[in-house]
Every structure is written in C-alpha cells, then in structure tokens.
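For the sequence shown, the numbering used here gives the first residue as 16, with consecutive numbering after it.
Backbone N, C-alpha and C fix where the C-beta goes; we use that ideal spot for every residue, glycine too.
This report concerns only the one structure given below.
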Amino acid sequence: MGTILALLSALSYGVSDFVGGIASRRIGFARSALLGQLGGLLVTIVAAPLVSSGAPAVRDLLWGTLSGVGTGIAMTFLFRGIGRGALSVVVPISAVGGVALPVVVGTAVLGQHPPALAWAGIVLALPALWLVAGGFSGGPVVGAAIGDGLLAGVGIAVQYLALAQADSASGIWPVTAGRAAAVLLVGAIAVALGRRPVRRSPTRPGVPTWASGGLVAMVLGGRPARQSLTRPAALASGGLALGGRPTRRSLTRPRVAALSSGVLAAAALVAYLFAARTQYLAVAVVLSSLYPVVPVALGVTVLNERLRRSQLVGLASALGASVLIAVG
C-alpha cells in the first residue's frame, strides 16, 4: 500500500508542477508559489478535522512546520527557475538533490535498510530522474538556475525528512501546519525576491513547449500560445485589452491554476505522509520523487511533443526502478 501511495504522490506532484510552472510564467513565480501554498492550506484546514482522530501533539506540528519551511523554499526557487526559462536546469537538479539527501539520512541516520532489489531501484531512479527531466545545456541563466535547483532540492529534502518524523496519531495535521509555515515563508520570499528583475533566456532547443509558455493559452484561454501571435490575434483570443494590458479574465485563470497546483501539492504530501508511515523512508521518497515523469508524459500526450532519446531511456529506467522497488 505504501508503494501505491508514494506513486500517487508522484502523480499529484507532477501535475502540480505542470500547472504551477505554467501559471508562474503568466503571473510571476512569487505570486504563483504564494497562491499555491494558500490553496494547499485552505484544503488541508478543511480536510484535517475530517480524517484525523484527535488533536495532534505539539511535536508533530513542529515537524510539520519544518516540512513547510522546506516546501516554501523548494516551491519558490523551483518556480523562479522555471520563470527564468530554465526548467531543463532546475527540475533535474532539484529532483535528484531532493532524493539523494533523504536516502542518505534514512540509511545513515535512521538506520533503515531496504532490501537489495529496492536498493537497485533506488540507484536506478537517480539517473532516471535526470534523464527524464532532460539534463541541461548551457545558456545565459544557467549559473543562476543551478543555484535555484540546488536550493529547491534542499527544500524538497527537508520537506520529506521532517514530515516523515510526525507520529501517525497526528493524522494530516502536520501537513496543515506545513502549509501555514509555507504561506508565511513564501510570502516573505515573494516580497524580497519579487522586487528584483528576473532575466529570462530565450527558449532553448530541447526545452518542452509547455515549459516556455506553449501551454499557457491552453490552460488559460483554450489554445496553444505561439511566439508569432500578433496583437490582433491576441485580442481575438481574449488575452489582452486594447491597451496591451492583460484583461481581468486573463489574470483570473492563472491565479486559479496556481491555487489548484497548491491543492495538488498538498494532496501529494498527504499521500507521501501515509506512504512513509507504511514503507521505508528511502523507498517512499524515491517513488514520490518520480514526478518529473508526469509533465514529460503530459507534454507528449497533450501537446504532441517528441521526446529525445535520453528522455525515453529515462522513462524506461524510471519504470524499471518502480518495478524493482515494488518487488523489493
């Protein structure tokens, strides 16, 4: 059951990043991250009393709060990197970094030792994540994007490690505490970073269309955006007002998308929390972290994009890793 829950967590996370990353390119990474955390907080406030048997201990709420600090750091720098147009740099670094640290801690500190087959799957999953995400190539913002990816990876690791320490009797209250902490942290970071200009690089070959705005109009207005779209065409699609400014409708949809991404991320954390209670920490983290497979698959199925050979190898490796972990 823990394996299934961890995979469901990956699915929910993947869709969350897909939707949230797109929203960040329309309304900005800071606002998108903040709205996402607010969405997650609201839904867990409603759900926690319904699925939890009693009041949580202060210790469990503190672990949840620390997890939320990690979430806030991860989401902010992940969305900032995507907003730079450097998704192919940020996603693989954050994904691998967010897996490697919890695996080391689970083994060396917590003394958990999964079976040999599960270890084989864990080892296979690390390069699979990198390949699925596409690796990265050089560009004007690569240096800054690497920093974003490393910080996001540390945040993801803290999120996973801290949440796994909460007692099962606490239900999902630790997730609620985490969402509250994430709202405060993301709000503070949004104020600090939102004042700085973000330099975007041109879309590089190999970067999925949905990462550079190709799906923005599909999510927000019903058709794929095109860089060659003229102002009359934009007006016809309802994206701009006559003065060239976004209309209220064009801004409402990305805000709803950002809120939805937070709800999906909260659902992913709940699924991971229950997975970590019934499975080895390293196994739960690795399976939950296979989320980059989802946006890649959506790019193929929704946008008819073509995968590079390395991504196909990564997808096959991720599938093999999941099978090995499940069998082990």
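For residue i and residue j, I'd like the C-alpha separation in whole angstroms.
{"i": "L200", "j": "G51", "result": "13 Å"}
{"i": "G136", "j": "G54", "result": "34 Å"}
{"i": "T59", "j": "L144", "result": "29 Å"}
{"i": "G335", "j": "V138", "result": "11 Å"}
{"i": "L330", "j": "G170", "result": "25 Å"}
{"i": "A131", "j": "P269", "result": "45 Å"}
{"i": "A207", "j": "A62", "result": "32 Å"}
{"i": "R194", "j": "T80", "result": "8 Å"}
{"i": "L65", "j": "R324", "result": "46 Å"}
{"i": "A48", "j": "V342", "result": "36 Å"}
{"i": "R219", "j": "A159", "result": "Residue placement at R219 is flagged as unreliable, the pLDDT there being 43, under the threshold of 50; a coordinate-derived value is accordingly withheld."}
{"i": "W225", "j": "V315", "result": "No answer about W225 holds up, because its pLDDT of 41 lies below 50 and its placement is not dependable."}
{"i": "L339", "j": "L141", "result": "13 Å"}
{"i": "L20", "j": "A205", "result": "32 Å"}
{"i": "R41", "j": "S276", "result": "14 Å"}
{"i": "A89", "j": "G69", "result": "30 Å"}
{"i": "A203", "j": "A312", "result": "34 Å"}
{"i": "T293", "j": "V105", "result": "31 Å"}
{"i": "S31", "j": "V124", "result": "31 Å"}
Span of the alpha helix (DSSP H) holding residue i?
{"i": "Y28", "result": "17 to 42"}
{"i": "L330", "result": "324 to 342"}
{"i": "A297", "result": "296 to 303"}
Pop quiz: residue i and residue j are said to be a contact at Cβ under 8 Å. What is the actual Cβ separation, rounded to whole angstroms?
{"i": "L284", "j": "L178", "result": "7 Å"}
{"i": "Q127", "j": "A297", "result": "6 Å"}
{"i": "G83", "j": "A196", "result": "3 Å"}
{"i": "P307", "j": "F33", "result": "Not a contact, Cβ separation roughly 10 Å."}
{"i": "A273", "j": "S185", "result": "Actually they are not in contact, since the Cβ atoms of A273 and S185 sit about 28 Å apart, beyond 8 Å."}
{"i": "G17", "j": "A290", "result": "5 Å"}
{"i": "P189", "j": "V300", "result": "Incorrect: roughly 16 Å between the Cβ atoms, too far for contact."}
{"i": "G164", "j": "S109", "result": "5 Å"}
{"i": "L305", "j": "A115", "result": "Between A115 and L305 the Cβ distance is about 14 Å, and since that is not below 8 Å, they are no contact."}
Is there a C-beta anywhere in chain B that falls below 8 Å from the one on residue i?
{"i": "P189", "result": "This model lacks chain B altogether; it includes just one protein chain."}
Less than 7 Å separating the Cβ of residue i from some heavy atom of the ligand FAD?
{"i": "S67", "result": "Only the bare structure without any ligand can be found here, which leaves the ligand FAD out of the picture."}
Alpha helix (DSSP H) segments (min. 4 residues) lying fully within the segment 72 to 134: Listed in chain order, they are 73 to 98, 102 to 123.
Any chance you could list the alpha helix (DSSP H) runs of at least 4 consecutive residues sitting entirely within the segment 151 to 208, in chain order? Listed in chain order, the complete alpha helix (DSSP H) runs (minimum 4 residues) inside the segment 151 to 208 are 157 to 178.
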